[in-house]
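For what it's worth, my numbering labels the leading residue of the sequence shown as 11, then goes sequentially.
Reviewing the structure listed below.
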Amino acid sequence: MEALISHYNYWLIIILMMLGLYVVVSRGNLVKKIVGLNIFQTSVFLLYISLSKVSGGTAPILTGKPESFSNPLPHVLILTAIVVGISTTALGLALVVRIRESYGTIEEDDILIAERSQDVSERNGGSA
Numbered sequence: 011m012e013a014l015i016s017h018y019n020y021w022l023i024i025i026l027m028m029l030g031l032y033v034v035v036s037r038g039n040l041v042k043k044i045v046g047l048n049i050f051q052t053s054v055f056l057l058y059i060s061l062s063k064v065s066g067g068t069a070p071i072l073t074g075k076p077e078s079f080s081n082p083l084p085h086v087l088i089l090t091a092i093v094v095g096i097s098t099t100a101l102g103l104a105l106v107v108r109i110r111e112s113y114g115t116i117e118e119d120d121i122l123i124a125e126r127s128q129d130v131s132e133r134n135g136g137s138a
């Protein structure tokens, strides 16, 4: 039981991952799907940072003493991933705005119905 409690950060990360995945799969609203993706993405960032933590590690500044250092590379990679995540979120939201302008809704079911009815009308109009 103590092992489960001592790794509480991993349990929190798993809960965040499942929450983000659930929001993406269960919601039809495109903005909510983007929020779910951001929650999932944040949990991956937290997992990567948690896995890279060295117990008792210090900053990698060479002082001449043999010490255990924390690797700065995972933190730098996560900073880059955060910038990419913000960019993809902005692009996704811009696409949602364009979809809203085209279809008048951001609900996935309504968009699919509109697409199907448009395809049917094109087939009927094209064969005449």
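The beta carbon of each residue, even a glycine, is placed where N, CA and C say it ideally should be.
- Runs of the alpha helix (DSSP H) lying entirely within the stretch 51–128 and spanning at least 4 residues, in chain order: 83–113.
- Three or more pairs of CB atoms, one per stretch, sit closer than 8 Å, so the stretch 49–66 contacts the stretch 17–27.
- If you draw a straight line from the Cα of ILE109 to the Cα of LYS42, it comes to about 15 Å.
- Between the C-alpha atoms of HIS17 and ILE59 there is a straight-line separation of about 14 Å.
- For GLY30, the enclosing alpha helix (DSSP H) covers residues 18–36.
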